[in-house]
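Chains as they are written, first to last, in this note's numbering: chain G, 1 to 286; chain X, 287 to 572; chain E, 573 to 858; chain Z, 859 to 1144. Positions of the beta carbon are idealized from the N, C-alpha and C atoms, including for glycine. Please read all numbers here as calculations on a predicted model, not as lab measurements.
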């Protein structure tokens, strides 16, 4: 048993000193605290249990304060812009099960991303969006519902839709309650669905798909087992298999998912379509 | 700080010996374990922190096994039949917020209860339901959404709709993870919305409304604070106010609510309309 | 058979000359066309088949253009302000069945109205809302689901919650397709649920409840029968009972309901809480 | 302008005599009327405007009567069995937009189909489903949301997931109100998304994908324009572009979609997993 977390920041926090092969920068932007962790090599990757790559974490005061603020959206969009290619077509993928509230962050965010790949040249001209990149969007569901691994689907799409890069959105697990709904992690290292729950499947990353894969997520749960382990310094475990499936989450989990998905979608649309007015994007989405 | 539970059974479990003024019977029915706790007087009520009355608890193996089984529905309906008047009109009230998944048990169950108060004599004859009682159904929402205390609403309805008794359905908090979605509590002592969370409002009961109030519920969450307190023998608390709003629940909370509401509605419809075929009730509901 | 409409404007349009007892004013406000019809006496009421009272109709270009615009919200709020008392407590009631999309306008709008009746003096002071009126909100469901007539519920609440006036919100039927989702009717004459479909129940109005009842609605459907009757100059009817239950509506009915309910809620909140900043209301709602 | 229908049966009904290249058989099965239309060659295809192939139509009395009956599910499953290969793996695709109620039939049905492709040999043995075929399921969304043509997605999947055949489910348009929710069409000729609305995209069929494509659908709407055209013998048109987007549908469209999707899913699961007990499939789905 060990504590579970999907955040590079929390893996790094377990070390009093920075492990070899890992770099860390911290700065503030308005009310947001930003941490940039760089896993430089396999030694670093082994230490903090995350693949080589950059991990940007934006932490904000609890949701109700300012999560919809223009300032926060801009901060997220700016940080995301550092990770995604300036040009080229994108495929945005919302991972997770839309019918399980704490897992619905990916599908809900994807539903608010503007798809433009289908818009022909003439319509683009009329709409004043000639310059924007081509974006496609998918929320493929989870293996148990579909029988298809997301990796296989993306592999197939990478040769037909041929995006230049992929953005995957997923609900994350944090180690600490205070980060639920208040933290956004963005990385260029891709994602391995199920990795956090010991049920790892194919890695979705540049090394397996041949194109950059940027992962974006918000922690929506703490594993009950992790909470208990932590609060008892590892002296107590949840032993029943059913108990180990339990999660800790705010009672208003539905609200957290609604807000976090709106925030992520705003930031992603802003970063992808940086060269047109946000109002135009909002109008095309409605 | 103390552990939070809405179950009389769990209050009783805190005593090695049965407190004065409390009686307890246990028996089995098929795969279900049934406990009947009777709080006989104020001394007992003070000891186990539940009002005077009868509390029937039906515990079943975890949900996936047999929750839809005809046997379980019948067991619940039989136990409920002990608590509700044999004749007379009923008002069924689903408490809770339908937009917060762990709190939606009441409204979702109410949505599956057959209302018959509006059906006139001629239609009843044609439908073959002359003999059934008159039932009305309401899911009034929560104080924060409506500005109206459920007590005030029921008080007003008790003089206009004039039901002979009320059934209130609500999501409960349990102390133990294993009881989430696997336990049904039914009592004739009414309910005090918000009592469990230190935010008690008017009691909804026979003594305040003048007619019997039967409460039915299923635990859907354990308070995170209770879990931690328990697992650390009271040595550790969650100190942050935000943390203390956290709940522990199965990841598939949506599924738990769907199944538990279907089960409760089946049992309540069966108990209310005991004198017609269940198939006829199902047909009228569709 | 005759054409069905819930709009006073469309009843009035059937007369080449204004009938006795009916007055009509028309003006423009930005892109909105506003018609004010006043039914002055029973003679007028009989002619245009609407009770005595004032009917304000705001027509806008099709939804996608500017329905979210600040200008339109303000126009609606101003017109509504003419109909509701300047002071006193309000009860806002969303009529209709939330599970039937074309009928869900009332419950969806009610879900976005800020309830303040439950907020105590101290909290009001802290939140900076001492001056606002007290508002309660209810979406009681329909007779077939609840067994309770909305009139009976409101009658009971008028003696317990004791609002000074009531606002009822309901989806309307129009005679013409072009008005679906593009027209708002507000009146001080109350409402008779089911009146439009030949299934009239108790009138909800000042004369039956003793307090002003302001009705607000948006047409979401045209009866298929009305469309056919109109387009064939009354020569063709839909004869099958099932066919006569059919409605004509935009394919994107879900979107129409989402937008219209957001618009109405914005305007109603603005009119009710005219003496605080809209931003504060938005914050309290989130 | 012409009347719009997705039903081969209704195309055929326009001819007093059977056109060359088209065959038609009619029979009864319990309360269901079954019509089998075979388009034998291009001459027939041109006449009735449907590709070469077999079209089975099952018509039942209006929904409320017996749509959930075991008898009807069996009739549909039997007819479907005639169209799908006895062995081999299947990909089931739910077409349409899950957020537009009249268009949500495909995604809703797909959500109730059991996916088994991901279940390994050992688990199959334990679950007693060694013999069943491998099935995957997808609800890919519509072009406007995703920017990806369903054809391109299926083309890509046909080389990675490599199903032996595909079943596509879609909401259909009928010409007559009486067929809404009461008719099921199944064919082996595939489908062209958007064909009915003059917005045809790539055909999804055996000739384009190289594997059998079976299409299954239920009419959920009549185009308002078709209704008007028909009822006025072509003398009246809806001229406004917005009006031409209007549909005619039952007020209880949500209920129609719920019931029709449950029925189709039952029948498809029954046909795909014909060699295990339906109860076992139901259990695996829950």
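Residue i versus residue j: straight-line alpha-carbon distance, rounded
i	j	result
residue 44 of chain G	residue 185 of chain G	18 angstroms
residue 223 of chain G	residue 513 of chain X	13 angstroms
residue 312 of chain X	residue 302 of chain X	16 angstroms
residue 138 of chain G	residue 94 of chain G	6 angstroms
residue 191 of chain G	residue 751 of chain E	49 angstroms
residue 237 of chain G	residue 913 of chain Z	59 angstroms
residue 948 of chain Z	residue 568 of chain X	34 angstroms
residue 105 of chain G	residue 691 of chain E	32 angstroms
residue 133 of chain G	residue 273 of chain G	7 angstroms
residue 736 of chain E	residue 218 of chain G	46 angstroms
residue 908 of chain Z	residue 454 of chain X	56 angstroms
residue 426 of chain X	residue 498 of chain X	19 angstroms
residue 345 of chain X	residue 298 of chain X	15 angstroms
residue 52 of chain G	residue 46 of chain G	9 angstroms
residue 208 of chain G	residue 155 of chain G	9 angstroms
residue 872 of chain Z	residue 892 of chain Z	18 angstroms
residue 648 of chain E	residue 707 of chain E	19 angstroms
residue 821 of chain E	residue 755 of chain E	14 angstroms
residue 1034 of chain Z	residue 950 of chain Z	28 angstroms
Closer than 8 angstroms to chain G by CB, residue i
i	result
residue 1014 of chain Z	yes
residue 994 of chain Z	yes
Interface residues of chain Z facing residue i [CB-CB closer than 8 angstroms]
i	result
residue 812 of chain E	1035 and 1036
residue 152 of chain G	1018 and 1019
Short CB-CB distance (under 8 angstroms) between residue i and chain X
i	result
residue 249 of chain G	yes
residue 216 of chain G	no
residue 577 of chain E	no
residue 99 of chain G	yes
residue 243 of chain G	yes
Own chain, CB closer than 6 angstroms to residue i, minus 5 neighbours either side, in chain order
i	result
residue 643 of chain E	602
residue 97 of chain G	103 and 142
residue 324 of chain X	309 and 340
residue 20 of chain G	43
residue 890 of chain Z	916, 918 and 933
Cutoff 8 angstroms; reference residue i; Cβ partners in own chain excluding five residues on either side
i	result
residue 131 of chain G	275 and 276
residue 229 of chain G	1, 2, 3, 236 and 237
residue 571 of chain X	398, 400 and 555
Proximity test, Cβ basis, 8 angstroms: residue i and chain E
i	result
residue 915 of chain Z	no
residue 871 of chain Z	no
8 angstroms Cβ cutoff, residue i in contact with chain Z
i	result
residue 818 of chain E	yes
residue 276 of chain G	no
residue 826 of chain E	yes
Other residues of its chain near residue i: CB distance less than 7 angstroms, five sequence neighbours each side excluded
i	result
residue 982 of chain Z	988
residue 145 of chain G	97
residue 88 of chain G	133, 164 and 165
Contacts that residue i makes with chain X (C-beta to C-beta distance below 8 angstroms)
i	result
residue 716 of chain E	401 and 404
residue 678 of chain E	Result: empty, since nearest Cβ-Cβ is about 14 angstroms, beyond 8 angstroms.
residue 32 of chain G	Those within 8 angstroms of residue 32 of chain G in chain X number zero; the least Cβ separation is about 18 angstroms.
residue 170 of chain G	Going along chain X, no residue has its Cβ under 8 angstroms from residue 170 of chain G, so there is no contact; the nearest lies around 14 angstroms.
residue 224 of chain G	463, 513 and 534
Amino acids of chain B, ordered along the chain, whose beta-carbon sits closer than 9 angstroms to that of residue i
i	result
residue 1086 of chain Z	The structure shown has no chain B; the protein chains it does contain are G, X, E and Z.
Residues that residue i contacts on chain Z, provided the C-beta gap is smaller than 9 angstroms
i	result
residue 148 of chain G	949, 973, 975, 976, 994, 995, 996, 1015, 1018 and 1019
Contact list for residue i against chain X, beta-carbon separation under 7 angstroms
i	result
residue 675 of chain E	Correct list: empty, because the minimum Cβ distance to chain X is about 15 angstroms.
Contact set between residue i and chain E, taken where Cβ atoms lie within less than 8 angstroms
i	result
residue 1094 of chain Z	803 and 804
My parser needs the alpha helix (DSSP H) runs of 4 or more residues fully inside the region 789-830 of chain E; what are they? 796-803
Give the list of continuous beta strand (DSSP E) stretches no shorter than 3 residues that lie fully inside the region 947-994 of chain Z. 948-952
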